[in-house]
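Residue numbers (UniProt numbering): 1 to 142.
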């Protein structure tokens, strides 16, 4: 089994344990990374050549222009996989974009904001990550 898959599963299990112990912010952090590591697996093992070409193009662009602050590694990988999904299933592509955006926002709030994270928000993040992961597994036939 790939290390990305192991990490994804471990992070989801950790999120559930953290949630059960009232550690809601840390739970959200872990479910986001569960989904992100599944995306990394897909990029490496399902979309490798397309991903490598995309990275080379972005690297060349960065040499010619100032770096776009929104183009961090997470935004690039999420944008790439969304575009790939949309080419074969536009509806799923839009849903994926919306769901991953919500999950990423919740993770950002949990990690970097002073806001308290409640059980409802953590439950939403767990459910959202599970749905995204299941949909990615189905879409990419993992």
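Glycine residues also receive a C-beta, built at the ideal position from the N, C-alpha and C atoms.
In summary, residue 21 is exposed, with fewer than 16 beta-carbon neighbours lying within 10 Å of its beta-carbon over all protein chains present. A contact between stretches requires three or more CB pairs, one per stretch, nearer than 8 angstroms, and the stretch 89-96 fails this requirement with the stretch 113-123.
Taking each of 8, 81, 109, 136 in turn and checking the Cα distance to residue 34, the smallest one comes out for 8.
If you look at residue 10, you'll find it in the alpha helix (DSSP H) that goes 3-20. Residue 95 and residue 127 have their C-alpha atoms roughly 15 angstroms apart. The DSSP-derived three-state label of residue 135 is helix. The residue from 46, 2, 25, 13 with its alpha-carbon nearest to that of residue 141 is 46. The DSSP assignment places 73-88, 90-112, 119-139 as complete runs of the alpha helix (DSSP H) inside the stretch 71-142, in order along the chain (cut-off: 4 residues). Distance between residue 115 and residue 106, taken at the CA atoms: about 11 angstroms. Rounded to the nearest whole angstrom, the C-alpha separation of residue 83 and residue 23 is 34 angstroms.
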